[in-house]
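Protein sequence lines correspond, in order, to chains V and S. Last residue of the first sequence: 712 in our numbering, with the numbers rising by one and none dropped. Last residue of the second sequence: 1314 in our numbering, with the numbers rising by one and none dropped. Glycine residues also receive a C-beta, built at the ideal position from the N, C-alpha and C atoms. As the structure is a prediction and not an experimental result, all values here were calculated from the model.
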Amino acid sequence: MNLSLLLEMSASTLEDRPAVTSGSRTLSYAQLDAAARRCAAKFLSMGATGVVYCGTNDASFPIAVFGAAYAGLPFIPLNYRLGEEQLQPLVEANRGAVIIAETAKVPGSDPEMVVLRSTLLDASFASASDVELPPFVDPEDVAIVLYTSGTSGTPKAALLRHRHLTAYVIGTVEFAGAEPEQAALVTVPPYHIAGLANLLSNMYSGRRIVYLESFDAQVWLDTLRNERITQAMVVPTMLARVVQHLDGSPADAPTLATLSYGGARMPLPVLEQALELFVGTGFVNAYGLTETSSTIALLGPEDHDAAFAGDPVAKVRLGSVGKVLPGIEVEVRDEDGNVLAVGEPGLVFLRGEQVSGEYDGGSVIDAEGWFPTKDRGWIDGDDYLFIEGRADDTIIRGGENIAPAEIEDVLRRHEAIVDAAVVGIPDDEWGQQIAAVVVLAPGKSVGVDELYDFCQQHLRSSKTPYRIEFRDELPHTPTGKLLRREVLADLLG
Amino acid sequence: MDIKAGSRLACPECSVELVVVRPPSSAVVLTCGGVEVVDAAADRPGGGHADASGDGTLVGKRYADDDSGIEVLCAKPGPGTLAADGREVPIKGAKPLPSSD
């Protein structure tokens, strides 16, 4: 199966149904399909070996994604906000690819291969091309190359083949299952797996996508109402901004049936406030990795509702990423590779048709097909998966494994704190000691001693930070993942 | 006929088009309305099925035959009904999930 088939089926079945809206412009499924085919022929006539996308979210994004698929070329979205120093090597690594860009000047590019993003929407672009599209694209071919945001340093090129992505879509989405009035609001960046998986799922289900080029809490809320949005997806930092912006007043988004979140760990206080403000909206937590073609576990609306209603078991599960999808197997192993029992925390391994686990340099899938996520977590008796965080982030203090997220959650519960980062700093006596960096809410203040007491009330003493510092903000990736190595460097510097 | 993953197949008599999700593990004759399916690029005379009984084939549904292991996705619907070596091929149960993305 090839990604282009997903759009081809929707176009031939749904035809004039609206597929994508950006600004005042809406393309139907048939128009989107025609534009993608036209661009595919143009890319081939240019002799392109790939399609690099270096721009914001709008209707040109799906045209480029499906254009690449029709042409049988890999699609390579880059973060156009990267500095020249970081962008140039990524562009140079993809020499030969056509570059769909925001502006004509892209560092490290061959000017002949740069196409302005807005051109893709222009019917005259590629209209004269008589290049034929390949009749068969091998499901084994690389469909998408994603440079993982990587909280640990140098970006790695993760490879997703057509078979991984199509397995995810046809395994989890009912074809044309969306009602004609359904619309999804998308603000996740195009160079993130969530943005790509979202596009494929929505196009296959027949749901209109509404793109916002950049995120602003008020614009986002206005768009929910004006476009009668039924589904929206946010990363935790966006939801935190919306909650802050609403400042206790109801969200007033009557058409919003589902609000899903993922991309980074959601702070519980933000989620609890959001559940209160979005009345009638079902919440979905999606957990997945770039290397697993997006979502592998879901915590659904019923779980959120039960927790909000006070069910003690559901409240604990609100801290989980939900149940693993059908078709995905999970194993939790110790450092020596032994499979652990229910409830025991360890390293999370995944297996399934949508799991790629492959990088430009080779595959990390083991002989039995398991992918090491490098996340630490555990499974409860009813198959709910709990993720503690990256294995590399675990603090080992006096031989005890401590997940920074648990301490961060406690700190964020303090009314004067909006953000918190916990890291282990080297210590001669304990191996590592716990240090916390916190950000104050606007207009609030709190002393360090009060925070120590607050932590001690809510945590075991071995988990209480021994050092707490204040900062104006914390470093995050574009999807809101905390960059702990930068926090650590700051504390040690 | 060589049936590999990603191959596009079509019914010579009706509008049904299929994409192979999983190739068969053993040789199998896949038919639509009793007529063997062909490569989608091959000649398709059309004309309809002499025997149009059965439920037909629905777009977006996956059809899987456990005995041979073949699984196909219907890309274009039609009145013909799929069979593998004469066995009717059932729809593989869909598992729609709450919208996560």
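Assuming residue i is part of the beta strand (DSSP E), what are its boundary residues?
{"i": "residue 414(V)", "result": "Per DSSP, residue 414(V) belongs to no beta strand (DSSP E); it is in the alpha helix (DSSP H), 412-424."}
{"i": "residue 390(V)", "result": "Note, residue 390(V): premise wrong, no beta strand (DSSP E); alpha helix (DSSP H) at 381-391."}
{"i": "residue 619(V)", "result": "619-621"}
{"i": "residue 303(V)", "result": "First-last for residue 303(V): 303-312, but that is the alpha helix (DSSP H), not the beta strand (DSSP E)."}
{"i": "residue 641(V)", "result": "636-646"}
{"i": "residue 1285(S)", "result": "1284-1289"}
{"i": "residue 1315(S)", "result": "This structure gives no information on residue 1315(S), because the portion of chain S shown stretches from 1214 to 1314."}
{"i": "residue 1295(S)", "result": "1295-1297"}
{"i": "residue 273(V)", "result": "270-273"}
{"i": "residue 604(V)", "result": "604-609"}
{"i": "residue 401(V)", "result": "Residue 401(V) -> no beta strand (DSSP E), and no H or E assigned at all."}
When the Cα atoms are used, what is the spatial distance from residue i to residue j?
{"i": "residue 454(V)", "j": "residue 269(V)", "result": "29 Å"}
{"i": "residue 309(V)", "j": "residue 434(V)", "result": "25 Å"}
{"i": "residue 637(V)", "j": "residue 621(V)", "result": "22 Å"}
{"i": "residue 607(V)", "j": "residue 1302(S)", "result": "44 Å"}
{"i": "residue 1262(S)", "j": "residue 1293(S)", "result": "7 Å"}
{"i": "residue 465(V)", "j": "residue 273(V)", "result": "33 Å"}
{"i": "residue 381(V)", "j": "residue 361(V)", "result": "6 Å"}
{"i": "residue 390(V)", "j": "residue 338(V)", "result": "34 Å"}
{"i": "residue 671(V)", "j": "residue 655(V)", "result": "10 Å"}
{"i": "residue 282(V)", "j": "residue 1289(S)", "result": "22 Å"}
{"i": "residue 576(V)", "j": "residue 313(V)", "result": "21 Å"}
{"i": "residue 476(V)", "j": "residue 450(V)", "result": "6 Å"}
{"i": "residue 597(V)", "j": "residue 533(V)", "result": "16 Å"}
{"i": "residue 640(V)", "j": "residue 363(V)", "result": "33 Å"}
{"i": "residue 701(V)", "j": "residue 694(V)", "result": "6 Å"}
{"i": "residue 358(V)", "j": "residue 1220(S)", "result": "9 Å"}
{"i": "residue 336(V)", "j": "residue 373(V)", "result": "27 Å"}
{"i": "residue 284(V)", "j": "residue 383(V)", "result": "16 Å"}
{"i": "residue 644(V)", "j": "residue 688(V)", "result": "13 Å"}
{"i": "residue 241(V)", "j": "residue 250(V)", "result": "14 Å"}
{"i": "residue 551(V)", "j": "residue 1281(S)", "result": "34 Å"}
{"i": "residue 699(V)", "j": "residue 503(V)", "result": "17 Å"}
How would you write the range of the alpha helix (DSSP H) that residue i sits in, first residue to last?
{"i": "residue 501(V)", "result": "Residue 501(V) -> not in any alpha helix (DSSP H); beta strand (DSSP E) instead, spanning 501-508."}
{"i": "residue 230(V)", "result": "222-233"}
{"i": "residue 280(V)", "result": "279-290"}
{"i": "residue 442(V)", "result": "436-445"}
{"i": "residue 573(V)", "result": "No alpha helix (DSSP H) contains residue 573(V), which DSSP labels as neither H nor E."}
{"i": "residue 456(V)", "result": "455-465"}
{"i": "residue 250(V)", "result": "248-264"}
{"i": "residue 518(V)", "result": "Run containing residue 518(V): none in the alpha helix (DSSP H); it sits in the beta strand (DSSP E), 513-518."}
{"i": "residue 1223(S)", "result": "Run containing residue 1223(S): none in the alpha helix (DSSP H); it sits in the beta strand (DSSP E), 1221-1223."}
{"i": "residue 489(V)", "result": "487-496"}
{"i": "residue 563(V)", "result": "Looking at the DSSP string, residue 563(V) is not in any alpha helix (DSSP H), and its letter there is neither H nor E."}
{"i": "residue 708(V)", "result": "703-711"}
Rank the options by C-alpha distance to the C-alpha of residue i and give the top, closest one.
{"i": "residue 408(V)", "options": "500(V), 280(V), 364(V) and 421(V)", "result": "280(V)"}
{"i": "residue 538(V)", "options": "550(V), 419(V) and 519(V)", "result": "519(V)"}
{"i": "residue 526(V)", "options": "492(V), 547(V) and 510(V)", "result": "492(V)"}
{"i": "residue 263(V)", "options": "316(V), 229(V), 275(V) and 237(V)", "result": "316(V)"}
{"i": "residue 587(V)", "options": "694(V), 448(V), 624(V) and 549(V)", "result": "549(V)"}
{"i": "residue 495(V)", "options": "560(V), 419(V), 472(V) and 659(V)", "result": "472(V)"}
{"i": "residue 1286(S)", "options": "663(V), 224(V) and 695(V)", "result": "224(V)"}
{"i": "residue 387(V)", "options": "571(V), 631(V) and 649(V)", "result": "571(V)"}
{"i": "residue 198(V)", "options": "667(V), 383(V), 367(V) and 356(V)", "result": "A question about residue 198(V) goes unanswered here, because the residues of chain V that appear run from 220 up to 712."}
{"i": "residue 306(V)", "options": "293(V), 324(V), 226(V) and 578(V)", "result": "324(V)"}
{"i": "residue 646(V)", "options": "402(V), 521(V) and 617(V)", "result": "617(V)"}
{"i": "residue 410(V)", "options": "696(V), 489(V) and 398(V)", "result": "696(V)"}
Is residue i near the ligand HEM, with its Cβ less than 7 Å from a heavy atom?
{"i": "residue 620(V)", "result": "Looking at this structure, you won't find the ligand HEM or any other ligand, since it has none at all."}
Nearest chain A C-beta to residue i closer than 8 Å, yes or no?
{"i": "residue 355(V)", "result": "Any reference to chain A falls outside this structure, whose protein chains are V and S."}
Would you mind giving the Cβ-Cβ distance between residue i and residue j, rounded to the nearest angstrom? I have them listed as a contact below 8 Å.
{"i": "residue 229(V)", "j": "residue 423(V)", "result": "6 Å"}
{"i": "residue 1246(S)", "j": "residue 1277(S)", "result": "19 Å between Cβ atoms; not a contact."}
{"i": "residue 623(V)", "j": "residue 615(V)", "result": "12 Å between Cβ atoms; not a contact."}
{"i": "residue 604(V)", "j": "residue 541(V)", "result": "7 Å"}
{"i": "residue 543(V)", "j": "residue 602(V)", "result": "6 Å"}
{"i": "residue 232(V)", "j": "residue 345(V)", "result": "Contact doesn't hold; Cβ gap of about 25 Å is too wide."}
{"i": "residue 226(V)", "j": "residue 267(V)", "result": "Actually they do not touch by this definition, with Cβ atoms about 19 Å apart."}
{"i": "residue 400(V)", "j": "residue 447(V)", "result": "7 Å"}
{"i": "residue 1250(S)", "j": "residue 1271(S)", "result": "About 16 Å; that fails the 8 Å criterion."}
{"i": "residue 247(V)", "j": "residue 235(V)", "result": "5 Å"}
{"i": "residue 406(V)", "j": "residue 509(V)", "result": "The pair is not a contact, with the Cβ atoms about 18 Å apart (cut-off 8 Å)."}
Residues in the segment 1263-1292 of chain S having any Cβ partner in chain V nearer than 7 Å: 1272, 1273, 1275, 1286, 1288 and 1289
Selection of the segment 1219-1241 of chain S by Cβ proximity to chain V, strictly under 7 Å: 1219, 1232 and 1234
The segment 1249-1263 of chain S: positions lying closer than 8 Å to chain V by Cβ: 1254
The segment 221-234 of chain V: positions lying closer than 8 Å to chain S by Cβ: 221, 224, 227, 228, 231 and 232
Chain S contacts from the segment 381-397 of chain V (Cβ-Cβ distance under 9 Å): 381, 382, 385, 386, 389, 390, 391, 392, 393, 394, 395, 396 and 397
Proximal residues, the segment 680-709 of chain V versus chain S, C-beta separation under 7 Å: none
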